[in-house]
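Mapped onto the UniProt record's numbering, the consecutive letters of the sequence shown carry residue numbers 1 to 106.
The beta carbon of each residue, even a glycine, is placed where N, CA and C say it ideally should be.
I have placed the structure first, in the form of structure tokens, so that the comments after it can refer back to it.
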Amino acid sequence: MVAYSASTSLAIGRGVSYRLGDKMETIRHYILFPSHTEGVKLENALKKEKIKHTIVPTPRELSASCGISIMYNKEDEEKIKNLVDSNNVKTSGFHCVKKKMVNPYL
Numbered sequence: 001m002v003a004y005s006a007s008t009s010l011a012i013g014r015g016v017s018y019r020l021g022d023k024m025e026t027i028r029h030y031i032l033f034p035s036h037t038e039g040v041k042l043e044n045a046l047k048k049e050k051i052k053h054t055i056v057p058t059p060r061e062l063s064a065s066c067g068i069s070i071m072y073n074k075e076d077e078e079k080i081k082n083l084v085d086s087n088n089v090k091t092s093g094f095h096c097v098k099k100k101m102v103n104p105y106l
């Protein structure tokens with residue numbers, strides 16, 4: 001049987017990391033937008049509600065949309081979806097990216 005251990009970083013954008021032997025998997029959550037304006041509209045609402053987030057370039061594996069995304073903590077997803085609805089923000093979806101890394105020192 002293989003044991004996983006999970007840790008969540010306090011800093012936004014670090015995602016959740018799962019360790020399996022010498023391999024590490026990080027999951028990051030993103031909101032994509034059809035336009036820069038929509039991203040800024042949601043960012044203003046997130047700031048007002050004091051929800052932690054970071055404006056980042058859209059990961060290439062997700063899209064070549066307007067170029068910006070918001071990275072957020074999974075725990076805040078329902079609050080963010082409510083803000084999207086109440087502020088009439090158009091999104092291109094909520095996505096997650098899993099990255100696998102191997103620690104060469106183990």
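Taking the Cα positions, P59 is about 27 angstroms away from S86. Contact annotation: H29 and M71 have beta-carbon atoms nearer than 8 angstroms. Secondary structure note for V89: it is in no beta strand (DSSP E), with a DSSP letter that is neither H nor E. T54: member of the beta strand (DSSP E) spanning 53-57, first to last residue. Remark: C-beta atoms of I55 and D76 do not approach each other more closely than 8 angstroms. Counting only the Cα atoms, N82 lies some 11 angstroms from L42. Between E25 and K74, the C-beta gap is not smaller than 8 angstroms, which leaves the two residues out of contact.
Residue environment: G39 is assigned as buried (16 or more neighbouring CB atoms within 10 Å of its CB, all protein chains considered). Between K100 and S69, the alpha-carbon positions lie close to 21 angstroms from each other. The alpha-carbon separation between C96 and I27 amounts to approximately 6 angstroms.
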